[in-house]
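Residues in the sequence shown are numbered consecutively from 1, following full-length UniProt numbering.
Note that beta-carbon positions come from the ideal geometry of N, C-alpha and C, so glycine has one too.
Keep in mind it's a predicted model, so treat the numbers as computed, not measured.
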Amino acid sequence: MVLSPLSFCGIWDFLDCVQLNQYKLQSEIGKGSYGVVKLAYNENDDKYYAMKVLSKKKLLKQYGFPRRPPPRGSKASSGEQPKPMAPLDRVYQEIAILKKLDHINIVKLIEVLDDPAEDNLYMVFDLLRKGPVMEVPSDQPFSEEQARLYFRDIVLGIEYCPFRYW
């Protein structure tokens, strides 16, 4: 078996398996606009995590170029409108906020692996065993009690956030 280092943080190709530091990346469990989510096995603690893999190039490409600045002398140039954030700055801001959040109803960000020289940014989250939140089975409606419990959990998670880190 031939090993080929692919980045500073220890990615190696083992035929079908990719290893990133202590994480063995396995199957794809989700997909978004800017990357994928993979099942990641941590050899150090013998646990599974969800690893979000974002392509910085794809993020910049899909976002497009920043908007043109407002014309000189207009009200917008007098500071009334905030300057739009660059896409990577938004991701880094999201990471900074997620690192501070600690609530049972909010998915925990465990670790971020980022090499400025590489395209991919890796975000390691606790694994939700029942799958993505947005994939709600629709074959049967929830009972009123079950819907109430889910709604309560959502509200408690949202209630935790507003004035903490925005």
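Return the CA-CA distance between residue 104 and residue 157, expressed in angstroms with no decimal places. The residue labelled residue 104 in the question sits at position 104 within the sequence shown. The residue labelled residue 157 in the question sits at position 157 within the sequence shown. In a straight line, the C-alpha of residue 104 is about 8 Å away from that of residue 157.
Let's test the definition: count the other Cβ atoms within 10 Å of the Cβ of residue 17 and tell me whether it reaches 16, buried, or not, exposed. Here residue 17 refers to the residue found at position 17 when the sequence shown is read from its first residue. The residue in question, residue 17, is exposed, as its Cβ has fewer than 16 Cβ neighbours within 10 Å.
Exposed or buried, residue 155, counting other C-beta atoms within 10 Å across all chains shown (16 or more means buried)? Sequence index remark: in the sequence shown, residue 155 carries index 155 (1-based). Residue 155 is exposed by the Cβ-count criterion.
Find out if the Cβ-Cβ distance for the pair residue 122, residue 51 is shorter than 8 Å. Numbered from its first residue, the sequence shown carries residue 122 at position 122. Numbered from its first residue, the sequence shown carries residue 51 at position 51. In contact: residue 122 and residue 51 (Cβ atoms closer than 8 Å).
Once the 5 residues before and after residue 67 are set aside, which same chain residues still bring their CB inside 8 Å of it? Counting from one through the sequence shown, the residue named residue 67 turns up at place 67. With a pLDDT of only 49 at residue 67, under 50, the local geometry of the prediction cannot be trusted, and the value read off the model is given with reservation. Excluding positions up to five away in sequence, the list reads 84.
Work out the CA separation of residue 139 and residue 147 for me, nearest whole Å. Along the sequence shown, one-based indexing puts residue 147 at 147. Along the sequence shown, one-based indexing puts residue 139 at 139. Cα-Cα distance, rounded: 15 Å.
What are the start and end residues of each continuous alpha helix (DSSP H) run of 4 or more residues lying completely inside the stretch 86-123, in chain order? 87-100
Helix, strand or coil at residue 31 [DSSP, three-state]: Within the sequence shown, numbered from 1, the residue matching residue 31 stands at position 31. If DSSP states are grouped into helix, strand and coil, residue 31 belongs with the strands.
Pick out whichever of 36, 118, 120 and 126 has its Cα sitting closest to the Cα of residue 109. Reading the sequence shown from its first residue, position 109 is the one you call residue 109. Minimum Cα distance to residue 109 is reached at 126.
Unbroken alpha helix (DSSP H) run spanning residue 128, endpoints: Residue mapping note: residue 128 aligns to position 128 of the sequence shown, counting from 1. Here residue 128 belongs to no alpha helix (DSSP H), and DSSP marks it neither H nor E.
Determine the direct distance from the alpha carbon of residue 86 to that of residue 22, and round the result to whole angstroms. Residue numbering aside, residue 22 sits at position 22 when the sequence shown is read from its first letter. Residue numbering aside, residue 86 sits at position 86 when the sequence shown is read from its first letter. Going by the C-alpha atoms only, they are around 31 Å apart.
Under the three-state DSSP convention, the category residue 160 falls into: Locating residue 160 in the sequence shown gives position 160, counting from the first residue. Helix.
So, for residue 113: in the same chain, excluding its five sequence neighbours on each side, which residues have a beta-carbon less than 7 Å away from its beta-carbon? Start at 1 with the first residue of the sequence shown, and residue 113 comes out as number 113. Closer than 7 Å at the Cβ level, and outside the excluded window around residue 113, lie 9, 20, 21 and 122.
Could you give the DSSP three-state label for residue 20: helix, strand or coil? Taking the first residue of the sequence shown as position 1, residue 20 is located at position 20. It is a strand residue.
Apart from the five residues on each side of it in sequence, which residues of its chain come closer than 7 Å, Cβ to Cβ, to residue 119? On the sequence shown, residue 119 is found 119 positions in, with the first residue counted as 1. Here the set comprises 55, 56 and 57.
Determine the DSSP secondary structure at residue 56, reduced to helix, strand or coil. The sequence position of residue 56 within the sequence shown is 56, counting from 1. The answer is helix: DSSP assigns residue 56 an H, G or I state.
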